[in-house]
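Top to bottom, those sequences are chains A and B.
Using numbering that gives the first Met the number 0, the letters of the first sequence map in sequence onto residues 0 to 225.
Using numbering that gives the first Met the number 0, the letters of the second sequence map in sequence onto residues 0 to 54.
Every residue gets a Cβ at the ideal spot worked out from N, C-alpha and C, and that includes glycine.
For reference, the structure is listed below as structure tokens.
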Amino acid sequence: MIARLLTSGVLAGAMAGLLAALLQFYFVIPVLLEGELFETGAMVHFADNGSPQSDRTDVGLSGEFGRHALTVGFNMLGYAGFGLLLVALMALAEQRGLADISPRQGLIWGLAGFIAVQLAPAIGLPPELPGTVGAEIGPRQSWWMATIISSAIGLWCLAFVKSPLALIGVAFLLAPHVIGAPHLDAYWGVAPPELAAEFATLSLGAAAAGWTILGFAAAWLWSRGG
Amino acid sequence: MTTKTITRAQDNTLLSIGFAAMLGFALLFVAGYAQAAILHDAAHDQRHAMAFPCH
Numbered sequence: 000m001i002a003r004l005l006t007s008g009v010l011a012g013a014m015a016g017l018l019a020a021l022l023q024f025y026f027v028i029p030v031l032l033e034g035e036l037f038e039t040g041a042m043v044h045f046a047d048n049g050s051p052q053s054d055r056t057d058v059g060l061s062g063e064f065g066r067h068a069l070t071v072g073f074n075m076l077g078y079a080g081f082g083l084l085l086v087a088l089m090a091l092a093e094q095r096g097l098a099d100i101s102p103r104q105g106l107i108w109g110l111a112g113f114i115a116v117q118l119a120p121a122i123g124l125p126p127e128l129p130g131t132v133g134a135e136i137g138p139r140q141s142w143w144m145a146t147i148i149s150s151a152i153g154l155w156c157l158a159f160v161k162s163p164l165a166l167i168g169v170a171f172l173l174a175p176h177v178i179g180a181p182h183l184d185a186y187w188g189v190a191p192p193e194l195a196a197e198f199a200t201l202s203l204g205a206a207a208a209g210w211t212i213l214g215f216a217a218a219w220l221w222s223r224g225g
Numbered sequence: 000m001t002t003k004t005i006t007r008a009q010d011n012t013l014l015s016i017g018f019a020a021m022l023g024f025a026l027l028f029v030a031g032y033a034q035a036a037i038l039h040d041a042a043h044d045q046r047h048a049m050a051f052p053c054h
């Protein structure tokens with residue numbers, strides 16, 4: 000049991016993390032590196048006579064091999080963590096007789112994971128281009144973690160509570176946003192808003208793909224092991 | 000006798016699930032949460048790309 004849980008969670012995470020990293024290199028990291036030009040001051044938006052025009056720079060991946068290798072490694076590590084949590088919840092649902100885990104079901108589990116772990120926190124705290132000045136890290140991390148847990152409980156209620164009480168899930172999904180994420184009372188952005196918006200949507204897109212792969216792979220490995 | 004075995008098996012299942020979840024949280028702590036400078040720098044791009052609150 001324990002070996003099956005650990006191997007399916009970690010292997011699914013390694014696969015999903017690797018593929019997510021590849022998607023990030025193509026879509027997300029070049030925008031991130033372009034954002035760093037504004038973070039470091041190499042590029043300045045609204046630089047001369049208040050003109051709002053900055054040229055796009057195609058920085059590509061900038062050939063920093065060691066840095067990108069770490070990004071692959073940490074993606075695999077992070078997704079392995081998510082994979083273990085996802086498989087643990089799948090096993091719990093199965094043990095309670097709430098769900099039979101198949102790879103097709105896994106796709107839905109993965110999408111639900113994306114909603115709870117990526118989309119819900121991103122509603123309050125949009126993915127940040129480097130150089131974004133945010134509120135203090137402590138309260139942001141607390142809101143982020145609380146939002147993930149609350150959203151996961153909300154989705155679980157909607158999926159598995161078999162009475163109108165399931166609607167309590169909506170309250171769990173809404174609560175973090177009614178409370179609101181910690182924000183500063185001023186805008187500090189140095190990068191063009193278009194670039195920051197592109198970064199946010201691209202990183203959510205890559206995460207949606209990563210989580211769908213994670214859900215499928217985790218359910219596939221888990222159900223094979225049974 | 001049989002009942003006992005089944006209870007024990009269920010306890011084991013929950014224990015295993017709990018252990019896997021704890022390990023998952025531990026990995027996430029390292030990948031996304033810990034603020035030690037060296038970890039932060041190494042995980043920097045991945046944290047931004049995954050929208051972990053980074054710094």
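Requested in this report: Could you tell me how far apart the beta carbons of GLY12(A) and GLY82(A) are, in whole angstroms, since I believe they sit closer than 8 Å?
Outcome: In the first sequence, the residue the question calls residue 12(A) occupies position 13. In the first sequence, the residue the question calls residue 82(A) occupies position 83. With a Cβ gap of about 3 Å, GLY12(A) and GLY82(A) count as contacting.
Requested in this report: Mind checking which residues open and close the alpha helix (DSSP H) that includes ARG223(A)?
Outcome: Counting from one through the first sequence, the residue named residue 223(A) turns up at place 224. Residues 192 to 224.
**Report entry** First and last residue of the uninterrupted alpha helix (DSSP H) at PHE24(A)
**Finding:** Locating residue 24(A) in the first sequence gives position 25, where the first residue counts as 1. Counting along the chain, PHE24(A) sits inside no alpha helix (DSSP H), nor does DSSP assign it H or E at all.
Query raised in the report: Where ARG55(A) and PHE198(A) are concerned, what is the direct C-alpha to C-alpha distance, given to the nearest angstrom?
Result: Against the first sequence, residue 55(A) aligns to sequence position 56. Against the first sequence, residue 198(A) aligns to sequence position 199. Their Cα atoms are separated by approximately 14 Å.
Query raised in the report: Quick one: is ALA35(B) near chain A, going by C-beta distance under 7 Å?
Result: The count along the second sequence starts at 1 and reaches residue 35(B) at position 36. At a cut-off of 7 Å between C-beta atoms, ALA35(B) does not count as an interface residue with respect to chain A.
Query raised in the report: Under a three-way DSSP split, which group does GLY130(A) fall into?
Result: Taking the first residue of the first sequence as 1, we reach residue 130(A) at position 131. GLY130(A): coil per DSSP, three-state reduction.
Query raised in the report: Quick one: what's got a C-beta closer than 7 Å to MET75(A)'s C-beta in the same chain, skipping five residues either side?
Result: Sequence index remark: in the first sequence, residue 75(A) carries index 76 (1-based). Contacts found: GLY12, ALA13, GLY16, LEU17.
Query raised in the report: Hey, out of TRP187(A), GLY65(A), ILE114(A), GLY34(A), whose CA is closest to GLY133(A)'s CA?
Result: Stepping through the first sequence from its first residue, residue 133(A) is reached at position 134. Of the listed residues, the one whose Cα sits closest to GLY133(A) is TRP187(A).
Requested in this report: Specify the secondary structure class of VAL9(A) as computed by DSSP and reduced to three states.
Outcome: Sequence index remark: in the first sequence, residue 9(A) carries index 10 (1-based). VAL9(A): helix per DSSP, three-state reduction.
Query raised in the report: Distance, Cα to Cα, MET49(B) vs LEU203(A)?
Result: The sequence position of residue 49(B) within the second sequence is 50, counting from 1. The sequence position of residue 203(A) within the first sequence is 204, counting from 1. Each residue's Cα considered, the two are about 8 Å apart.
Report task. Label THR39(A) either buried or exposed according to how many other C-beta atoms from any shown protein chain fall within 10 Å of its C-beta, with 16 as the threshold for buried. Result -> Residue mapping note: residue 39(A) aligns to position 40 of the first sequence, counting from 1. With fewer than 16 other Cβ atoms within 10 Å, it is exposed.
Query raised in the report: Looking at PHE113(A) and ALA207(A), is the spacing between their C-beta atoms short of 7 Å?
Result: Taking the first residue of the first sequence as position 1, residue 207(A) is located at position 208. Taking the first residue of the first sequence as position 1, residue 113(A) is located at position 114. Yes, the Cβ-Cβ distance between ALA207(A) and PHE113(A) is below 7 Å.
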